[in-house]
Structure formats: structure tokens, C-alpha cells
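Engineer: Chains as they are written, first to last, in this note's numbering: chain G, 71 to 419; chain Y, 550 to 927.
Structure follows, in C-alpha cells:
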């Protein structure tokens, strides 16, 4: 596998209320994020609301400028394009390669455009093909995602949520992209529709040789679709590991907490609630010193309050975590309960 | 392959029939609002009058006659019983006779029901150009004998036909409303659009300017600006200058509406999607944003027209808007300024009635449009 995209030391600050006289207040949404995306994998970014996962996705796709750091795209082996350094005009050709699927299928499709035009729009913008060819390409893409050809003249409001999300997927795929960023692509859908759309994404990935960055807060979904998981907390990457390893044995207390919250759809196997989650997510504009998680961590020590742990490989494996005690803590994974793995559950869904 | 082309065929025919478009839906909701529909007809009728002014007006609006000053309305009659009991059918007006008021010893005109002056529809007249380019030589009504008086709605101080003047005034007053709103719309969309789309300091600056303009009392501001116009400007120049002055304030409201829509649309996912497609700002604005609020703009603009008409009427009434040779509702009402004239010639208030009817209908029409344009409405 070759590297498709790398995020290097990415930081993003938002400026709040810079009044004429008031002092500018800043909010650190992302702090020194390092990530690598391999061609062909599905990388999931998880975390609770406000942890910066959507911001990260938007920075990668250059929908927002970054404050520091770089996003580098490698279209071919040995070639690299620094997306963060490009002007609006220069980045346009690369927009064909990196596409986005939005969370809310209700607001991501222009209500005044017919489905055909919505999906044809990227082709028209990039002047890829015209008339007959354009028509064929749009309709074949729509059919691949399961929208019948006779529906292309309708407006988005004539479709259900799942169908609209399919149209959004068609819009992303019509340009034949390499990397697709799916920002909570299924969280607005019913569970049964979620499964359909996830399967569709899997099929399309195989068919087009896609790479996904899958942003989600739903660990069940992530377990099902992802090859690798990045766990974010307060704008930091706290753990980055292959899905199996992460669910088997998390190396960061926050990951353990998330896995503990994973629901088990079987009352007889319900886990006794061992610990309540302590505290609230701290306000981003007023972040704790040291380890960002120490205010809520049940294993926190003195060092956690003063020193910020770096993201490092654990025992030389592919699993990386940012915790002072990553090697020593015995954290519970999702497969603890006898015989019934979360992975199976997700598949059963 | 054959199947594929067939599907494409199906797709193409499916795309063609007009499914309920944005405007189709809007029209359907609008029709439910009965008052608005009636108002639409009234407003439409007034604009028709404005367009066909030369044809509908029986006389030249500036033709005066010293013999018929303050002649009362003749009305238009169709049926009359002859002496012998038979019925006369056909349009006619009564003639005038002079009477001396025994108390004030003043000469007054009264309708002489003894004299019937026959009237013709589509009467021949001096050749003229309808709306400035269609040559015609026929009027809707005219007296059989061109020497007979025809003052269906009465005459003013100089013996000019009020009906003709009212009809020509309708053209000026209604068109100044439209022209003013068009101009304001242009400024409003451009300035408000820039402010809303780019935001930041430009947005703040524009909004402060808008608030400043809106905080000023309008009448003195208009008066000041209108008084600054050179007196020797031609009627047409004054007309455009007044339009410009009115829209100088009118754009602020529309700019706010447009800015608000842009601000709320800017963060919509479908706009972000278009941006991530690589669309240019121009394409995003014209293809993705504007179509989703044209209906709102139309409604807002319709609601702005009556304000313009009122403003013009007020200015002209005060003598600072349009000047004498131009006939507008405002200049017509100038004649109704003193109470003595009003007491002896109340028909001079007719332009005021027109203003009330048109303003009310336009407001109802605009309200109906606004409700129809709002998909979240009842």
C-alpha cells in the first residue's frame, strides 16, 4: 500500500469575537494532528461531539484554511501536492480526487436543482464531458448507487433520507475520486438504512478502488467499516490503531471509555456499569494543561496534569496512543464479554 | 446497449415534464390567499391603465378650458327615458349650465339633465402614439361632437379633465414605484450580496451604513435631496432624479433581506458542496444561492413598491417631487391642498382614493406572495 495523504502537525485555531476593542479570543480546535492515510484503506475518525473530527475533515479537504501545519496529497507514488499551500484556483484540479459526503442529506442537496443537475454539477464545473456523455455518466453513476434513471428529473424533496444520501454519494463519486471523506455519512439515517448505505459504500470502495476517511461517532459503524481508527479528544489524536487491535485492547483510557459506552443489544449480556463518566468535556477555549484528558481520566496521576503525552507507538506495534501509561494500564476492550464480540454484533446489524 | 439507450430515453422524458417547480408550488399557495388574488387583479388593472394611458384618457391631460373651471363630474350614463316614455339606449353625458348661487352670488356649474350629449366608444381622435410607439387615432370614449365638454370625473382649477389627468398620473406614479424598486433591488442585491457572501469587515461596514441611513427621518432627507435638484432640469431629468433619491433609501431594506439570505445560505451544506466541487464564487452565487431565494426577493420587492409610490406622492404633494408639467398622483393632490377648493370641488380628492386602493392592494398582494414564498408558512 502506498501513502495517499499525510497530515503533518496540523493545527487549527478559531478566532472568537474579535470586537473592535475587545481582545481576540482563540479556540484551539485541532492541535498538532499527525495522520497518514494509506491508499485503499478505510480510516475512521471517532470522538464525541466537539472533539474536532469534522474540523479535521474540513481542513483535509481544504474547506477551511489551517492555522499551522500541512496536508499533503500523494496522487502517485513519489508525487506530492501540498494542499494547504495552494490557492483556490490551484487546488481546483485536486478537488476531483478528494470528495466529500455530507452528514445531513436534507441540507446537502440544493432543493432547487433536479437530481440530474445536482450530480452533473461537478462534471460541468470541471468541464469533463458534455451532453450525451455527461448524461450517460450521471445516469450510470446514479444507477450504481441505486437511484433509478427515471427519477433523475425530480427534485430532492421527492426522495427519502436514504435515497438522498445515495444521491450525495453519487455526486461525490461522479468525478471518479481517489479519496472520499464521509462526514457522519450515515448518522442521520435509520439503522436499517444505515446498513444499506454502509454496504453500498463498501461495494463502491471495491469497485472504484476508493480510500475512505470515515468520520463518525458511532463505534458500531466504525467497527464494521474501518480498517484503522483514529480516536480524537479535544482536538488531539489520543489513539491511532488498526480496528482489531483498538477494539481488542485499547491503549488510551479515553478509548476504553468510548468502548464501554458501546451498547450491547442483548439485555442478558448487559455489562454492569462500572464507572460513570467523570465530568464534562472541558471548554475548548479553556483547555486543561498536561494531558487533555486528565480531568476525566480515572487513572490520572500527577504527571498527567503537568506533562502532555506524545502520540507514540506502543511496544513497536501499529498501535499508537498518547498516554503516559499506555504500556502498563490494563484497559478493557469491546470483546470482553464471553463469546459475543462487538464485531459480530455490528455484522448482525 | 439497447437497454441502456432506452433507459436514457426514459430518463430524458422523465426530466422534461414540468414537475411542480418552486414557482409552481408558490403559485398554488398564493392562490389560496383570496384577498391577495383579488389584490393582484386590482394591481394588474392599474398597471394596464398605466400602459394604455393615452388610449383610455378621453382628453389631453394638459388641455385646459377657461369655460369649464371646476366643472363637476358628468358621470357616464347609458339609459334614459324619453319624453314619450320610450327608452334611449347608448352612452351619453349631461351638459352643463351656469347658476348663480343666491347666497354667495357665485357663478357655479351644475349638471343640466335636460341636455344629453351623446358619447361614443372608440371615438376617432387626433393621432397619437400609444405608450410612445404604437400610432393610433382612436380613444376609448369621446363625445360625438368634439365641441361638447366631456368631464366624466369633473375638471380642475384650469378646466382640465381630471379623469385624463388621473390616468396619466397613474402611469407616472406606478412606474416611479417600479423604477425605484428596480434600482433599489439592484443596489440591494449587489451590496447586500457582497456583505452576506464575504462577511467580515465589509459586512459590518455596510450594515452600519444601512442602519445610519435608516435611522434618519425619511421625509426631511428626501426634502433636502429633492430641494438640491436644479430647478432648470427637464421633466424627464427630474423624474429620474426623484427615482434615484427614493431608491437611495429603498435599497437598505432590500440589502438587509438579501444579506440575511446569503448569510443563512452560506453555511448550508449544499453551498459547501458546490464550493468543494470547485465552483467559482460567481457560479455558487448565481446557480446555487440566488435561485433559492428569488421568491423571497420578489416578495420583498413587491412590498417595497407601495412605499416608493407613497414616498413619491408625499414629495410631490409637498411640491418638492415631480414638478408641474408632469402629472402624478402627488402633483394632482397638490390641487386638493386647500380646504375651500375641497369644499367646492371634492372630486379633486380622487387621486388620494387611487393611492389608498393601490397601496392597500399592493400590500395585500405582497403579503400573499411572501407567505407563499415561505415554505415553512401555514
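We put the beta carbon where it would ideally sit given N, CA and C, even for glycine.
Can you tell which of 299/G, 192/G, 257/G has its C-alpha closest to the C-alpha of residue 832/Y?
Structural biologist: Counting from 1 along the second chain, the entry for residue 832/Y is found at position 283. Nearest option by C-alpha distance: 192/G.
Engineer: Tell me the rounded alpha-carbon separation between residue 196/G and residue 122/G.
Structural biologist: For this step, residue 196/G is matched to residue 126 along the first chain. For this step, residue 122/G is matched to residue 52 along the first chain. So the alpha carbons of these two residues sit roughly 30 Å apart.
Engineer: Tell me, please, whether the stretch 685-697 of chain Y touches the stretch 668-677 of chain Y by the rule of three or more beta-carbon pairs shorter than 8 Å.
Structural biologist: As far as the Cβ criterion goes, the stretch 685-697 of chain Y touches the stretch 668-677 of chain Y, which means the pair count is three or higher.
Engineer: Given residue 677/Y, which residues of its chain have a CB within under 8 Å of its CB, disregarding the five upstream and five downstream residues?
Structural biologist: The count along the second chain starts at 1 and reaches residue 677/Y at position 128. 603, 684, 685, 686, listed in sequence order.
Engineer: Does the distance from the C-beta atom of residue 622/Y to that of residue 700/Y stay below 8 Å?
Structural biologist: As a first step, residue 622/Y is located in the second chain; it is residue number 73 there, counting from the start. As a first step, residue 700/Y is located in the second chain; it is residue number 151 there, counting from the start. In this structure, residue 700/Y lies closer than 8 Å to residue 622/Y by Cβ.
Engineer: Against chain G, with Cβ distances strictly below 8 Å, would residue 811/Y count as a contact?
Structural biologist: Residue 811/Y sits at position 262 when you count from the first residue of the second chain. By this cut-off, residue 811/Y is not an interface position.
Engineer: Residue 751/Y CB to nearest chain G CB: under 8 Å?
Structural biologist: Your numbering for residue 751/Y matches position 202 in the second chain. Closer than 8 Å: no.
Engineer: From the beta carbon of residue 845/Y, is the nearest beta carbon of chain G less than 8 Å away?
Structural biologist: The count along the second chain starts at 1 and reaches residue 845/Y at position 296. False, the Cβ-Cβ gap to chain G never drops below 8 Å.
Engineer: Comparing the C-beta of residue 564/Y with each C-beta of chain G, is any distance below 8 Å?
Structural biologist: The count along the second chain starts at 1 and reaches residue 564/Y at position 15. Its pLDDT being 47, under 50, residue 564/Y is placed unreliably in this model, and the value from its coordinates should be taken loosely. Output row for residue 564/Y: interface = yes.
Engineer: Using a Cβ cut-off of 8 Å, which residues of the stretch 736-749 of chain Y contact any Cβ in chain G, in chain order?
Structural biologist: Listed by position, the residues of the stretch 736-749 of chain Y near chain G (Cβ gap below 8 Å) amount to none.
Engineer: Between the Cα of residue 817/Y and the Cα atoms of 303/G, 173/G, 262/G, which residue gives the shortest distance?
Structural biologist: Taking the second chain and counting its residues from 1, the one referred to as residue 817/Y is at position 268. Considering only alpha carbons, the answer is 173/G.
Engineer: When you compare the CB of residue 359/G with every CB in chain Y, is at least one pair closer than 8 Å?
Structural biologist: Numbered from its first residue, the first chain carries residue 359/G at position 289. Taking Cβ atoms only, chain Y never reaches closer than 8 Å to residue 359/G, which makes this a no.
Engineer: Counting contacts by CB-CB distance shorter than 8 Å, is residue 926/Y in contact with chain G?
Structural biologist: As a working note, residue 926/Y is residue 377 in the second chain. Any reading at residue 926/Y needs caution, since the residue's pLDDT is 44, under 50, leaving its predicted position unreliable; the model's value is listed next. Not closer than 8 Å to any Cβ of chain G, the Cβ of residue 926/Y fails to qualify, so no.
Engineer: Please decide whether residue 550/Y counts as near chain G, where near means a Cβ-Cβ distance under 8 Å.
Structural biologist: Indexing the second chain from 1 puts residue 550/Y at position 1. Since pLDDT at residue 550/Y reaches only 46, below the 50 mark, its modelled position is unreliable, and the value read off the structure follows with that caveat. Output row for residue 550/Y: interface = no.
Engineer: Quick check on residue 315/G: does DSSP put it in helix, strand or coil?
Structural biologist: Mapped onto the first chain, residue 315/G falls at position 245. Helix, per DSSP.
Engineer: Scan the stretch 241-265 of chain G and note each continuous beta strand (DSSP E) run of 3 residues or more that stays entirely inside, going in chain order.
Structural biologist: Listed in chain order, the complete beta strand (DSSP E) runs (minimum 3 residues) inside the stretch 241-265 of chain G are 249-253.
Engineer: Would you decide whether residue 400/G is buried or exposed? Buried here means 16 or more other CB atoms lie within 10 Å of its CB.
Structural biologist: Indexing the first chain from 1 puts residue 400/G at position 330. Its Cβ having fewer than 16 others within 10 Å, residue 400/G is exposed.
Engineer: Checking the sheet assignment: what are the DSSP bridge partners for residue 634/Y?
Structural biologist: What you label residue 634/Y is simply residue 85 of the second chain in a count that begins at 1. Note: residue 634/Y sits in no beta bridge, so no partner.
Engineer: Taking residue 298/G as part of the beta strand (DSSP E), name the residues at either end of that continuous run.
Structural biologist: Stepping through the first chain from its first residue, residue 298/G is reached at position 228. That run of the beta strand (DSSP E) goes 298-303.
Engineer: Hey, quick one: how far does the beta strand (DSSP E) through residue 104/G stretch, first residue to last?
Structural biologist: Position 34 of the first chain holds residue 104/G. Its beta strand (DSSP E) spans residues 95-108.
Engineer: Tell whether a beta-carbon distance below 8 Å holds between residue 80/G and residue 136/G.
Structural biologist: Taking the first residue of the first chain as 1, we reach residue 80/G at position 10. Taking the first residue of the first chain as 1, we reach residue 136/G at position 66. A contact, by the Cβ cut-off of 8 Å.
Engineer: Any beta carbon from chain Y within less than 8 Å of residue 80/G's own beta carbon?
Structural biologist: Position 10 of the first chain, counted from the first residue, corresponds to residue 80/G. Chain Y, which has no Cβ nearer than 8 Å to the Cβ of residue 80/G, makes this no.
Engineer: On the three-state DSSP scale, how would you describe residue 227/G?
Structural biologist: On the first chain, position 157 is the one that residue 227/G refers to. If DSSP states are grouped into helix, strand and coil, residue 227/G belongs with the helices.
Engineer: Say whether the stretch 803-812 of chain Y touches the stretch 154-161 of chain G, bearing in mind that this needs 3 or more beta-carbon pairs closer than 8 Å, one atom from each stretch.
Structural biologist: The stretch 803-812 of chain Y is not in contact with the stretch 154-161 of chain G.
Engineer: Hey, how far is the Cα of residue 706/Y from the Cα of residue 891/Y?
Structural biologist: Position 157 of the second chain, counting from 1, holds the residue named residue 706/Y. Position 342 of the second chain, counting from 1, holds the residue named residue 891/Y. Going by the C-alpha atoms only, they are around 11 Å apart.
Engineer: Can you list, in chain order, the residues of its chain with a C-beta nearer than 6 Å to that of residue 910/Y? Leave out the 5 residues immediately preceding and following it.
Structural biologist: Counted from its first residue, the second chain places residue 910/Y at position 361. Correct list, in chain order: 588, 591, 592.
Engineer: Return yes when the Cβ of residue 297/G is within less than 8 Å of the Cβ of residue 247/G, no when it is not.
Structural biologist: For the purposes of this step, residue 247/G is taken as residue 177 along the first chain, with counting starting at 1. For the purposes of this step, residue 297/G is taken as residue 227 along the first chain, with counting starting at 1. Taking 8 Å as the Cβ cut-off, residue 247/G and residue 297/G do not qualify as a contacting pair.
Engineer: Using the Cβ count rule (16 or more neighbours within 10 Å means buried), how would you classify residue 782/Y?
Structural biologist: Here residue 782/Y refers to the residue found at position 233 of the second chain. Per the 10 Å Cβ criterion, exposed.
Engineer: Does residue 581/Y pass the burial test, meaning 16 or more other C-beta atoms within 10 Å, or should it be called exposed?
Structural biologist: For the purposes of this step, residue 581/Y is identified with residue 32 of the second chain, where counting begins at 1. So residue 581/Y ends up on the exposed side.
Engineer: Check residue 573/Y in the structure and name its three-state DSSP category.
Structural biologist: As a first step, residue 573/Y is located in the second chain; it is residue number 24 there, counting from the start. Residue 573/Y falls in the helix class under three-state DSSP.
Engineer: Quick check on DSSP: helix, strand or coil for residue 884/Y?
Structural biologist: For the purposes of this step, residue 884/Y is taken as residue 335 along the second chain, with counting starting at 1. Looking at residue 884/Y - three-state DSSP - the assignment turns out to be coil, as it is neither helix nor strand.
Engineer: Please report the residue range of the alpha helix (DSSP H) in which residue 786/Y lies.
Structural biologist: If you number the second chain from 1, residue 786/Y lands on position 237. 784-815 is the extent of the alpha helix (DSSP H) around residue 786/Y.
Engineer: Exposed or buried, which one is residue 893/Y when buried takes at least 16 other CB atoms within 10 Å?
Structural biologist: To locate residue 893/Y, count along the second chain from 1; it is residue 344. Looking at its Cβ environment, which holds fewer than 16 other Cβ atoms inside 10 Å, residue 893/Y is exposed.
Engineer: In this structure, does DSSP put residue 306/G in helix, strand or coil?
Structural biologist: On the first chain, residue 306/G is found 236 positions in, with the first residue counted as 1. Here residue 306/G sits in strand by DSSP.
Engineer: Would residue 662/Y and residue 643/Y be called neighbours here (beta carbons separated by less than 8 Å)?
Structural biologist: Taking the first residue of the second chain as 1, we reach residue 662/Y at position 113. Taking the first residue of the second chain as 1, we reach residue 643/Y at position 94. Yes, Cβ-Cβ distance for residue 662/Y and residue 643/Y is below 8 Å.
Engineer: Please confirm if residue 174/G has its CB atom under 8 Å from at least one CB of chain Y.
Structural biologist: Residue mapping note: residue 174/G aligns to position 104 of the first chain, counting from 1. Taking Cβ atoms only, chain Y reaches closer than 8 Å to residue 174/G, which makes this a yes.
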